[in-house]
Each structure stands twice: as C-alpha cells, then as structure tokens.
Amino acid sequence: MEMSLSNVSSPIRHFREIPKLGLLGSATPVEPLTRLGAELGAARLYIKRDDYSTYLVGGNKARKLEYSMAEVLRGKATAVITVGSVQSNHARITAMVARRLGLKCYLVLNGDLTARPTGNHLITKALGIEIIPVASRQDRLPAMEELAKDLERQGEIVARIPLGASDAVGSFGLTAGMDEIIEQEKALGIRFDAIMVGSSSGGTQAGLEVGKRLFGRSDLRIIGVSPDDPAADIRKVVMRVGGQMLDKIGGAGLNEEDIEIDDAHIGEGYGIPSPASEEAARLFARTEGILLDPVYTSKVGAALIDACRQGRFLPGQNVLFWHTGGLIGLFS
8 MEMSLSNVSS
18 PIRHFREIPK
28 LGLLGSATPV
38 EPLTRLGAEL
48 GAARLYIKRD
58 DYSTYLVGGN
68 KARKLEYSMA
78 EVLRGKATAV
88 ITVGSVQSNH
98 ARITAMVARR
108 LGLKCYLVLN
118 GDLTARPTGN
128 HLITKALGIE
138 IIPVASRQDR
148 LPAMEELAKD
158 LERQGEIVAR
168 IPLGASDAVG
178 SFGLTAGMDE
188 IIEQEKALGI
198 RFDAIMVGSS
208 SGGTQAGLEV
218 GKRLFGRSDL
228 RIIGVSPDDP
238 AADIRKVVMR
248 VGGQMLDKIG
258 GAGLNEEDIE
268 IDDAHIGEGY
278 GIPSPASEEA
288 ARLFARTEGI
298 LLDPVYTSKV
308 GAALIDACRQ
318 GRFLPGQNVL
328 FWHTGGLIGL
338 FS
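Quick note on the working numbering: the sequence shown kicks off at 8 and runs consecutively.
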C-alpha cells in the first residue's frame, strides 16, 4: 500500500511540501567506478552523475535553484540578483534559469572582466545579462545590496540569491538529492558508507547533512572537501544553514563534531589546480572516461584518491563520489 504524506513523519512531510521547480527533470544516475576502484585497490567506488544534469551540467547549482527560484516566483519578484566570480557556475545557471522564467537578472561578479570572454563568462554575455564588476569577493554583497535598493526605487520587486544559493532555501535541493540517493540505494541493493562532495559555500553539505538525518541515515558519512576555505569556517556555515533548514521543517539539530570537512587539498587556493587535483582529473578521464572540473570536482577526486591510498576506507565499503558538475570551467 502506498504511503500518503499524512502518514509520513512531520519533518519529512514539511520538507516535501516546500515549493520547487522541476529544473532537473529526472534523477541523475549512480554508476560504479569499477576501473578506478581496481586501479586504487580500494573500496567499492560509485559516482553520482550530476554532470549529466540540465542547464549545461548545472549540477548541484541547478538542484539548489529548483528551490530558490520557486521562492522567487512565490514572492512575485521581477528581478533577480546574485553574486560570484567571473567564472561562477552558479551565476551563469541563475542567469539561464532567469531568462527561461522571464525574469530580469543582474550578476555582481569579481575577477577579470576585461579579457576575452570564455567559459561561464562567455555564456552570460551571450544571454545579455547585465554584469556589475567589483574588485574583490568582499565587495560583492555591498554592491548587490546597493543595486537591489536602486532597482527597488525604480519599482522592481527584487530577489537576492546568495553565493551558490547556499541558504536555508536553496540547500533543500541537496536534501532532495539525498532522497534520490536513498531510492537509488534500494534499486542497487546497497547502502553507501560515505559520500565525498565539494563543500565551499556550505549549502551542498548542509543539504546532505539534513537529508541523512531526515531519512534515517545517521550511519552515513558526508565528507565535504574544501577547494578554498579552512575546515573550521565551512563547518560554521554548514551548522548555521543546516540548523536553519531543520528549524523550518521541525527536525533535530546538527552536532558540530559530526560535520566532516577535508581541507587538505586546497593547494594554492580557489580555482588553482594542484599536482594532486591534476592527477585526479587524469585518472578519472583515463580509467572511466569521466571529466572533472578544475575548481571543485578535481579536488574532491584528489581527496578520494588520497583516502583510498591511505586505507581510510575499509574493503567492502561503498563510497560515493558526488560529481557536482561545473565542467564549463574546462573551457575558461
């Protein structure tokens, strides 16, 4: 007998009642990484193929925007503003979705906007999106707020979407992703012991952490891999955003000691490849025909390879590498 929402525990029901848009269309596949696992002599490795998702491999950004843009429409906004770097996947995908929904869109971006456009910057230019350049990451939020107030004085209803849509709205996209994984585990007849995923603005990991608690998977390790900030900083964001999400749906809180962040693979900084991340990109491509982006997934790949070589996963364990997309970065 099919279970109705009225029979589902209250936090799950509240979660499933949150408005969302169907940007992804269908579940992205989970596939075994048989040849990579054999190369590493490691645990049973799998990959979550969000590099298959819509909006030009929108990945985790498209998942978040399913919820963020539903909120934007519910608030009857006429214009959307978000922030990021010149090659931001999130900014580019926000612009594409805004165009699809008939909304005005403005991007506050730092980085070199004078060079010949490539990658994500090339696409946002093609969309005819107005870009507001700023000098640094620290200048983005003040510029967004100034622009929003100016637009509101002109009569626009403005929605502000934070960096990476990593707030207590957008992050539910990855809670939905965890719901997807639970169903895929059943279909595969396995249970994952660990998930490794990029964790920078914190929302992706917060959404997964909420999901594992919501769906009774307290034994599942979520290992966030930082491409930029120290573990302590990201952990604070995951705790804050995850706590706000659980407050919304009536779930139990997070424990700081349960939030795993690996910040050993940052290298020289955000968007700068390291020897380990370059090796990971080569190994994934040559064993499995899978491409990794230079900012996020290649560093998650480096962390996965290192953990396997160091024996940090036991034989027989099932480990999932969550590919979050971002492949336009290969062309920047």
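Glycine included, C-beta positions come from ideal geometry on N, C-alpha and C.
Residue i - DSSP class collapsed to helix/strand/coil
i           : result
residue 99  : helix
residue 275 : coil
residue 60  : coil
residue 23  : helix
residue 340 : This structure gives no information on residue 340, because the portion of the chain shown stretches from 8 to 339.
residue 294 : helix
residue 196 : coil
residue 90  : strand
residue 367 : No answer is possible for residue 367: it lies beyond the span of the chain, which begins at 8 and ends at 339.
residue 52  : strand
residue 68  : helix
residue 18  : helix
residue 282 : helix
C-beta atoms of residue i and residue j nearer than 8 angstroms
i           : j           : result
residue 166 : residue 71  : no
residue 245 : residue 213 : yes
residue 325 : residue 51  : yes
residue 206 : residue 233 : yes
residue 43  : residue 195 : no
residue 307 : residue 203 : yes
residue 268 : residue 312 : no
residue 218 : residue 248 : no
residue 31  : residue 73  : yes
residue 168 : residue 154 : no
residue 40  : residue 19  : no
residue 274 : residue 302 : no
residue 110 : residue 84  : yes
residue 320 : residue 201 : yes
Nonlocal neighbours in the same chain, by C-beta distance under 6 angstroms from residue i, ignoring five residues either side
i           : result
residue 198 : 192
residue 118 : 92 and 93
residue 105 : 87 and 112
residue 208 : 170, 171 and 173
residue 130 : 99
residue 46  : 294
residue 189 : 222
residue 75  : 168, 172, 176 and 177
residue 68  : 96, 97 and 100
residue 328 : 54, 203 and 311
residue 103 : 62
residue 144 : 117
Contact set for residue i: own chain, Cβ-Cβ below 7 angstroms, skip 5 residues either direction
i           : result
residue 237 : 270
residue 132 : 124
residue 292 : 298
residue 276 : 235
residue 2   : It is not possible to answer for residue 2, since the shown part of the chain is limited to 8 through 339.
residue 8   : Because residue 8 carries a pLDDT of 32, less than 50, the predicted location of this residue cannot be relied on, and the following value inherits that uncertainty. Result list for residue 8: empty, nothing under 7 angstroms.
Residue i CB to nearest heavy atom of the ligand NAD below 7 angstroms
i           : result
residue 213 : This structure lacks the ligand NAD; in fact it carries no ligand of any kind.
Residues near residue i in its chain [Cβ-Cβ closer than 8 angstroms; skip 5 each side]
i           : result
residue 48  : 315
residue 66  : 57, 58, 60, 96, 330, 331, 332 and 333
residue 81  : 26
residue 2   : Any question about residue 2 goes unanswered here, given that the chain covers just 8 to 339.
residue 263 : 242 and 246
residue 21  : 255, 256 and 257
Beta carbon proximity, residue i to chain C, threshold 8 angstroms
i           : result
residue 298 : Reference to chain C is not applicable here, since this structure consists of a single protein chain.
Local Cβ density within 10 Å of residue i, reported as buried at 16 or more and exposed below that
i           : result
residue 300 : buried
residue 305 : buried
residue 224 : buried
residue 35  : buried
residue 164 : exposed
residue 116 : buried
residue 160 : exposed
residue 235 : buried
residue 338 : exposed
residue 137 : exposed
residue 231 : buried
residue 2   : Only positions 8 to 339 of the chain appear in this structure, which leaves residue 2 out of reach.
residue 127 : buried
residue 336 : buried
residue 284 : buried
residue 287 : buried
residue 142 : exposed
residue 121 : exposed
residue 239 : exposed
### Task
List in chain order: all unbroken beta strand (DSSP E) runs of 3+ residues lying wholly within the segment 220 to 271.
228 to 232 and 267 to 269
### Task
Tell me the start and end of each unbroken beta strand (DSSP E) in the segment 311 to 337 that is at least 3 residues and wholly inside, in chain order.
325 to 330
### Message
Quick check for students: name the residue ranges of the beta strand (DSSP E) that lie wholly in the segment 115 to 182, counting only runs of 3 or more.
### Response
137 to 141 and 165 to 168
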